[in-house]
Structures are given as structure tokens and as C-alpha cells.
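Input: a single structure, listed below in C-alpha cells.
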Amino acid sequence: MAATTADGSKVVGGGEKSNVDEESKMITLFSSDGERFEVTQEAAAMSQTIHHMMEDGCVDDEGVHLPNVGSSILAMVIEYCNRHVASPDEKEDIRSFDAGFVNVEHHTLFDIIRAANYLDVKELMDLCCQTVADSIKSKSVEEIRELFGIVNDFTPEEEAEIRKENQWAFE
Amino acid sequence: MAAVVDGAELILSVPDDVLALISAHLRPGDLLALSAASRRLHAALSAADKPWLAQCRRLLPSSLSHLLAWRAAAGGSSLTVCRFLHSVSPLRGLWAHQNPELGNLVAVLPGFLSLVAVRAIPQELSPRLLWAPVFEILADAHGRPTLLFLHGHHPGSLFPGLLDALNPHANTLLLEAHASLSSSPIQQFPRLSFGNRRRLLDALVASCRLTLPPDLAAAPLFARSDEDIPVLAARREAMLRMHTESGGGMVGTPELEALLLGAKKMLPLPAVDATGDEVGLRRSLSAMACRLKNGLRQMVTRSASANSRSEYADSKHLPFDKFLRAGQMVGLSLRGSRVRLSTYRAWPSMNDNRLALYKLTTQTPMPGREYAGLWGGTFGWPPGRPEDECKPGKALFFLLLSYEKDSEGKLLLIATKVLEGTHYVVHPNGSSMFVVRVGEPSTEAFPWMTEDEDSRSVDIDRSFAGEGIASGYGFRYPGSKPGSLFVLRDGRLAFVWRDSKSVLTLQRLNLEELLRKGERVPALPPIPNFVYLTKSYSNVYTVMHGSSSCSSSTSQVKDATKGQELR
């Protein structure tokens, strides 16, 4: 985990003038369960939501509260953002990082999707949606049910009816 | 975090916008498989429009406003639009027949909740590409591509029918008749003799014509801009109504029999009705004679095809009365079929006696094969420009460039002629205008230093050695002479014949764009407009009056019949 918890060091808020370089200006994020994360403003700006808040001067000294994102998921999103701002040009490294990043359980993946949607992190959204799509692609109905643990509540007649209805996409 | 009870919850936990993002990476079948997994998913995904709109955008990457207009015409359902786009996609692309030899290229493009097939006619280079309509396929209320309309000579004339079947990998498009009571899965129409097929189609055309009101007859067939959308929507509604009211153009057996009997009595005079749409009995008889001649010729030419081993094999014909059974209705139909096709240098071997259009495979450019696709140009240097007002104009050539490996595994770039704008064709339709070896740069220098009087210098990027078409042993057997293909810095191509210094310059074409900005000209009567079976070496699509960029009526038509008078 790349995110660091508070250790009493000074937090540089969005509005404060400073001699420090732009990249190392930090911002504090609070997850829904109250955990505190320090991130560079550059990494935080990957979230358009937070970026707009910073631009509009809505970030106070305390930091940004994110009531919709739990700590474990926020930690992952921060890890993603840190990695992507660190070395944006090393395509191969980033690709393998991304592959490992999305190699998680479906419910975690969907949690990340919801968080990335709320935080508006476009690259992360694209990555996760592509991953979900890849897992669904070319699968039969039964395989999809198994994959997501979906319970089939159709009668055989209804299923046959739906199969006939959907025939056009499989010709 | 609460434990997930049912996997469906997971998928339904994300907003429609996100589902749309996921959908953009899927195919329609994947979305349907997902929706078929459980009741909740089925309800949610059937009602959600955004994921289906994402599918439509993938299938029809044109302006969103057009898609939304299509959606409105489909009762607000992107799923319906998606179904249409997906089902009808095998029709998209380029189609052609061997005859007329000058070219008869048909392009199928999106209309308005429809597909429109139009023909780029042989013509001279000009600012607007001339085209004539061939047929349209409209979506029904469920998004099925079922409604067929053939175009005829009069701008408001439409001839309704059905798209009977469309193979997902169709490479032939057959114009046929279908019978309402036919319980047999075996196609009956192909089993009729050639003469009977023509007579039947001519009789159907004579009895099923519909006429659009003048304002809709003048309307465009596809959107050139957002402003066209309302009139396109109105046109579509009128066509749907007319199709239903006419019973889909189906004709009862007694009426057909009377027509056929009447036509027989009128032999050998062709019956011509008021708007010039001919019931060409004489033509079909002469065409039959021509077919026999061609049939013999076919046996000795290399283009004799293995394609006759199919449902159209002439071994034992179905008697006409077996097809026209009592109580039955018959109508025009189109069938997209996949047959075994042999091709030579990207041009399919085509049968002479079927009303069929054949798919021309268009390769997509890729690294190492950058020049694949449709190109257009003229002969001579400097290259012709559309705005040039010189008379006579420069003949417009369309070439389909493709890559093939020769017998030694070497990569060749082949330029297949698909449209020629001269008055009398020099080489057969589908001839290779040039073939160059990709791995062999040319040692020849480009003959011209500058392009025009302004001394704009010509920059050559690279060149390839090969051969260009030349006269050979008669029309059917062109020869070849050495030449080089030069790639100009601005992306144009120029093939130069080494000895004669003839030069053919080409630009990449966006045919859909050219057609949208082009100019509509009248079509032929519906059957010959679909496929012109009578052998012809000149421009049968020529307009007799008006258009300055078309050849005049003095061109000799080497038809077996007289009477392709266009009014």
C-alpha cells in the first residue's frame, strides 16, 4: 500500500502558498470510516471530482471527506493514482501493474468501479470496465451465472422463450 | 461491507452510465447473455437504454444526433436499433456484378433506420459523385431488417418486397421471388428455369409498384446533415405505411398468371408502361440467347466458375405451375447467401444468369499493408482535379487495392478496377490495373519533376516495381507491361507504365462521404437496375439529358436487345 497514514506531519492544504514544489504538495483524504490518507495533489488530481474541488477552493485545511468510499477501496484507488503519476511513460511497467491491480474478486472490482465513478478517475474506470467486459465476453448464460454467482429464477419455458427472442444476436 | 447475496446485485449496483461503459466493450450477444441470467437482470437490461445505445454507437459510429433520431423512430428503444444494426451488418460494404463491364459498383450505407444501396455510375471526374439508388432495407417495429424496396426509373417509384434471409457471412445477394405458402425449406425460386425466373420477376414488378408523394420522392435517402432528419423520418413512415397497405407487394397467383399469360401473348413486343419501367419479355428471351452464347464462352475462359454447383444448377427445372400454386401469394425478395466463390486477384468469378450481386472484400490498412482499400483517380499528368472544367472531362477510375501473397510467398499489392469512366470499356470489370511487388523498390525515376505550372515539386516517398495492364489476346485476356508504383509524399499513389509513360494517379476515397455529398441520377427499371444481365461494354446508366458530366447518348450499346431507352 502506497498510502500513508497521518504521522503528525504538517498538511499543506490547497489554498496555502508555499515554497515547496507543486508535486509534493500534499492533500488529506478521509474515507467513509474515518481513516486518513495523505496524497500528493498531483495524484489526487487524477480524480476529477477532487480536482474540481481543489480548483474551486473547496478544500479546507482539514482535507477532503469522501463519505462514499471505504478505506480499503480508497487505499487501492490511491495506490493506482500514485503509480500512474509516478512514471506515466513507462508503458510496459504500467501495463503489468494494471493487470495485477484488477486481478481481484468481482465484488472488489465493482467496489473500485463505484469509487472510481464517484471520484471520476477516468483511466481507472476504463481499466475496470474493460476488465469486467473481458470477463463477460463470449460467455454463455450459464457461464455468466457461475461467474457472478447469479441465481437462475426463470422457468424452463421462460428461458426457452428468451433464447428464441435473443436468437438474432447469435446468428 | 454486506455480503453479496445474489451476483445480479453486483451488476445492478452500478449506474446505467457505467453499464454503458462496460457495454461498449461487449457485443450485443454478450449483453443479451447477461440479461438472460436472471429475472432482475432481464428486467433491468431490457429497460435500460444506455447500454444498448453504447452498442449502437459501436455499430454505427456516426453522429449521435442521427442515432438518437433513429432511436426515436424505433419507439425510443436503442435495443431495437441495435438489433437492426447488428442483423443488417453483413450487407454493409461493396457489391458488384461482372456486367456491365464499365462497372456497376454498389455501396450499402446507413439510411434512416435503414440501409440504402446505391450505385456509383461510370462517370467523369467532377465535384459531385453521381449515384443512382438500387434498393433499401428498412427495419420493422422490432428492429428486424425485413422490409425491402427496389428502386426504379421514376424517382418516386418503389417496388416492395422482403429481405427473406441474410447469412451473417453473405457473399452473394440474390434477387428472387418468394411464395407465401411455401412450406419447403428448400428454395423454390432457383429451381425455376432462367426464362421463368425473369418472367416472374418482371410480372411482379409490373404489379407491385408504389409511388411516393412528390415531396418525399425528392427527399434524400440518407442524412447529409442533421437538417435532413425530419424529412427522412417522414419518408420512412410513409414507406412503412405503403408497405403494409400493399401487403408487402405480394401478388396473388391468379393475377400473376393473367399477367404472365398476357405477356406471352404480346411476344415479341416488349410491354412498356407509362413511366418507362419495362416488362422486358423480349429482353429475357434475348438474354437467354445471350446466356447460351456466354455459357459456351464460359467453358473456355478462366473465369468459368465452380459456382454453378449450387441451388441454381440447371439440371432439372421446377415447372412453373408447381411454383405458382393455388391460393398462394408471391412477392419480390432478396436473399443474402454464402456460396463457395472462387476469386482471382480479389475479383470473384461470377455467374451470368443469376440476378446476384457479389461481395467485394475490402481489406483494412495495417502496418506493412498500408495501401489497402478503395482508391480513385484518373489517367494523365498532372492529375485531374474535380474542380477542373476541362472538356472532355477525365474518366474517373475506382480501384480496390488489396494484398495477396504470390505462389512464392511474396507480398503483392493488387489494384482491381471496379469502376471506369470511359465511354467504352477497355478491360473487363475486375481487371488488375496493376500488380506490384511490395518487397521490390522500383529502379525507375518518377518522370515528372513538378505537378503543374506553379512548379510545385513532386516528392516521392517510396516506389514499388511491378506490372501494369496492357492489351493482350482480346478483351477477356489482358496482358501486362512493366511499370512502377510511386507513393507521393502527400499520400497519393501514381502508377507509371515504364515504356509508354502512361500514368494513373490515385487518392484514397471515403466513398460514403462522396456519396453523401454527391448527386442522385435516375436509376434503371428495377430488375436491370439491380443486376444488368445483358452483356454491355458501355455506360448503360447514362442519362440522356442534362448532366454535363455524363457521356452522351451516342455511346454504342452492344446489347443483345434494343430498348434500354431511359426516359
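Same order as they appear, the protein sequences are chains F and P. According to the working numbering, the first sequence is numbered sequentially starting from 55. According to the working numbering, the second sequence is numbered sequentially starting from 564. For every residue, glycine included, the Cβ atom is placed at its ideal position computed from N, Cα and C.
Legend entry - Sequence-distant residues of the same chain with beta carbon closer than 8 Å to Tyr1095/P, five excluded per side: Counting from one through the second sequence, the residue named residue 1095/P turns up at place 532. For Tyr1095/P, where only same-chain residues beyond five positions count, the Cβ hits under 8 Å are His660, Asn662, Pro663, Asn667, Leu1087 and Val1103.
Legend entry - Boundaries (first-last residue) of the beta strand (DSSP E) holding Ile700/P: One-based indexing of the second sequence puts residue 700/P at position 137. Residue range Leu693 to Ala702 is occupied by the beta strand (DSSP E) that includes Ile700/P.
Inset, instruction - Put Trp1060/P into one of helix, strand or coil per three-state DSSP. - result: Within the second sequence, residue 1060/P is the residue found at index 497, counting from 1. Three-state result, Trp1060/P: strand.
Inset, instruction - Can you tell me which of the three DSSP states Lys145/F falls into? - result: Taking the first residue of the first sequence as 1, we reach residue 145/F at position 91. Lys145/F falls in the helix class under three-state DSSP.
Inset, instruction - Report the option in Pro1045/P, His990/P, Leu1069/P and Arg691/P whose CA atom is closest to the CA atom of Phe1038/P. - result: Taking the first residue of the second sequence as position 1, residue 1038/P is located at position 475. Cα-wise, what sits closest to Phe1038/P is His990/P.
Inset, instruction - Report the residues of the stretch 582-597 of chain P with a CB closer than 7 Å to any CB of chain F, ordered along the chain. - result: Result list: Leu584, Ile585, His588, Leu589, Pro591, Gly592, Asp593, Leu595, Ala596 and Leu597.
Inset, instruction - Please classify Met108/F: does DSSP put it in a helix, a strand, or coil? - result: Reading the first sequence from its first residue, position 54 is the one you call residue 108/F. Three-state result, Met108/F: helix.
Inset, instruction - Check Glu800/P in the structure and name its three-state DSSP category. - result: Here residue 800/P corresponds to residue number 237 of the second sequence, with the count starting at 1. Of the three classes helix, strand and coil, the one that applies to Glu800/P here is helix, per DSSP.
Inset, instruction - Buried or exposed for Leu573/P, please, with buried defined as at least 16 other CB atoms from any protein chain shown within 10 angstroms of its CB. - result: Your numbering for residue 573/P matches position 10 in the second sequence. Buried, because 16 or more other Cβ atoms sit within 10 Å of the Cβ of Leu573/P.
Inset, instruction - Name the two residues that bound the continuous beta strand (DSSP E) containing Lys218/F. - result: Numbered from 1 along the first sequence, position 164 holds the residue referred to as residue 218/F. Careful: Lys218/F lies outside any beta strand (DSSP E), inside the alpha helix (DSSP H) at Pro210 to Glu219.
Legend entry - Residue-chain proximity (Trp633/P, chain F), Cβ-Cβ < 8 Å: The residue labelled residue 633/P in the question sits at position 70 within the second sequence. For Trp633/P, the closest Cβ of chain F is not nearer than 8 Å.
Inset, instruction - Quick one: give me the first and last residue of the alpha helix (DSSP H) that Arg540/P is part of. - result: No statement about residue 540/P is possible, as the shown extent of chain P runs from 564 to 1130 and does not include it.
Legend entry - Check whether Leu665/P and Pro696/P have beta carbons under 8 Å apart: Indexing the second sequence from 1 puts residue 665/P at position 102. Indexing the second sequence from 1 puts residue 696/P at position 133. Not closer than 8 Å, so no.
Legend entry - Enclosing alpha helix (DSSP H) for Phe1093/P [first to last residue]: Along the second sequence, read from residue 1 onward, the residue named residue 1093/P stands at position 530. Start and end: Pro1089 to Phe1093.
Inset, instruction - Taking the CB atoms as reference points, tell me whether Ser965/P and Ile977/P lie closer together than 8 Å. - result: In the second sequence, counting from the first residue as 1, residue 965/P sits at position 402. In the second sequence, counting from the first residue as 1, residue 977/P sits at position 414. Yes; because the gap between Cβ atoms is below 8 Å, this pair is in contact.
Inset, instruction - For Asn122/F, decide whether its Cβ has a neighbour in chain P, counting only Cβ atoms nearer than 8 Å. - result: As a position in the first sequence, residue 122/F is number 68, starting the count at 1. It does not: the Cβ of Asn122/F has no partner Cβ on chain P nearer than 8 Å.
Legend entry - Contacts around Ala97/F, its chain only, beta-carbon distance under 6 Å, and the 5 residues preceding and following it disregarded: Here residue 97/F refers to the residue found at position 43 when the first sequence is read from its first residue. If we look at Ala97/F and ignore the five residues flanking it on each side, its Cβ neighbours are Cys135, Asn136 and Val139.
Inset, instruction - Note down the Cα distance separating Gly570/P from Ile132/F, rounded to an integer number of angstroms. - result: In the second sequence, counting from the first residue as 1, residue 570/P sits at position 7. In the first sequence, counting from the first residue as 1, residue 132/F sits at position 78. If I take the Cα positions, the gap works out to 27 Å.
Inset, instruction - Name, in chain order, the residues that DSSP records as bridge partners for Ser965/P. - result: Taking the first residue of the second sequence as 1, we reach residue 965/P at position 402. For Ser965/P, DSSP records a beta bridge to Ile977/P.
Legend entry - Whole-Å CB distance - Leu622/P paired with His588/P, under 8 Å assumed: Mapped onto the second sequence, residue 622/P falls at position 59. Mapped onto the second sequence, residue 588/P falls at position 25. Their Cβ separation, rounded to whole angstroms, is 14 Å, which puts Leu622/P and His588/P out of contact at 8 Å.
Inset, instruction - Mind the definition here: the stretch 948-961 of chain P touches the stretch 1009-1016 of chain P only if three or more C-beta pairs lie below 8 Å; say whether that holds. - result: By the Cβ test, the stretch 948-961 of chain P is not in contact with the stretch 1009-1016 of chain P, since fewer than three Cβ pairs between them sit closer than 8 Å.
Inset, instruction - Could you work out which residue in Arg1071/P, Thr985/P and Phe1093/P is closest to Ser1101/P when comparing CA atoms only? - result: On the second sequence, position 538 is the one that residue 1101/P refers to. Ranking Arg1071/P, Thr985/P and Phe1093/P by Cα distance to Ser1101/P puts Thr985/P first.
Legend entry - Beta-bridge partners of Thr94/F, as assigned by DSSP: Numbered from 1 along the first sequence, position 40 holds the residue referred to as residue 94/F. Answer is Met80/F.
Legend entry - Asp174/F: contacting residues in chain B (beta-carbon distance under 7 Å): Among the protein chains in the structure shown, which are F and P, there is no chain B.
Legend entry - Whole-angstrom distance between Arg682/P and Ser847/P, CA atom to CA atom: Start at 1 with the first residue of the second sequence, and residue 847/P comes out as number 284. Start at 1 with the first residue of the second sequence, and residue 682/P comes out as number 119. Low confidence applies here, because Ser847/P scores a pLDDT of 49, under 50, leaving its location unreliable and the question unanswered by this model.
Inset, instruction - Go through its chain and collect everything with a Cβ distance to Ser809/P's Cβ below 8 Å, but skip five positions before and after it. - result: Numbered from 1 along the second sequence, position 246 holds the residue referred to as residue 809/P. Short of 8 Å from the beta carbon of Ser809/P, and not among the five residues preceding or following it, lie these beta carbons of its own chain, in chain order: Pro723, Cys771 and Leu773.
Legend entry - Pair within 8 Å by beta-carbon distance, Phe698/P and Phe1093/P: Stepping through the second sequence from its first residue, residue 698/P is reached at position 135. Stepping through the second sequence from its first residue, residue 1093/P is reached at position 530. Yes, Cβ-Cβ distance for Phe698/P and Phe1093/P is below 8 Å.
Inset, instruction - Pick helix, strand or coil for Pro946/P, following the three-state DSSP scheme. - result: Taking the second sequence and counting its residues from 1, one reaches residue 946/P at position 383. Of the three classes helix, strand and coil, the one that applies to Pro946/P here is coil, per DSSP.
Inset, instruction - Report the three-state DSSP secondary structure of Phe1038/P (helix, strand or coil). - result: Position 475 of the second sequence, counted from the start, is the residue given in the question as residue 1038/P. Three-state result, Phe1038/P: coil.
Legend entry - Under 8 Å between C-beta atoms of Val814/P and Val893/P: Position 251 of the second sequence, counted from the start, is the residue given in the question as residue 814/P. Position 330 of the second sequence, counted from the start, is the residue given in the question as residue 893/P. Contact annotation: Val814/P and Val893/P have beta-carbon atoms nearer than 8 Å.
Inset, instruction - Pick out whichever of Ile216/F, Asp165/F, Lys218/F and Leu120/F has its Cα sitting closest to the Cα of Thr103/F. - result: As a working mapping, residue 103/F is identified with position 49 in the first sequence. Among Ile216/F, Asp165/F, Lys218/F and Leu120/F, the Cα nearest to that of Thr103/F belongs to Leu120/F.
Legend entry - Proximal chain P residues relative to Ile166/F, where beta-carbon distance stays under 9 Å: Indexing the first sequence from 1 puts residue 166/F at position 112. Per Cβ cutoff of 9 Å: no residues; Ile166/F is ~11 Å from chain P at best.
Legend entry - Nearest-angstrom Cα separation, counted from Lys973/P out to Glu1003/P: Here residue 1003/P refers to the residue found at position 440 of the second sequence. Here residue 973/P refers to the residue found at position 410 of the second sequence. If you take the alpha carbons of Glu1003/P and Lys973/P, they lie about 10 Å apart.
Legend entry - Minimum C-alpha distance to Leu178/F - residue among Asp115/F, Ile216/F, Met107/F and Leu128/F: In the first sequence, residue 178/F corresponds to position 124, counting from 1. For the options Asp115/F, Ile216/F, Met107/F and Leu128/F, the alpha carbon positioned closest to that of Leu178/F is the one of Leu128/F.
Legend entry - Simplified DSSP assignment, three categories, for Ile127/F: Position 73 of the first sequence holds residue 127/F. Three-state DSSP puts Ile127/F in a helix.
Legend entry - Bounding residues of the alpha helix (DSSP H) (the contiguous stretch that carries Leu181/F): By one-based count along the first sequence, residue 181/F stands at place 127. Lys176 to Ile190 is the extent of the alpha helix (DSSP H) around Leu181/F.
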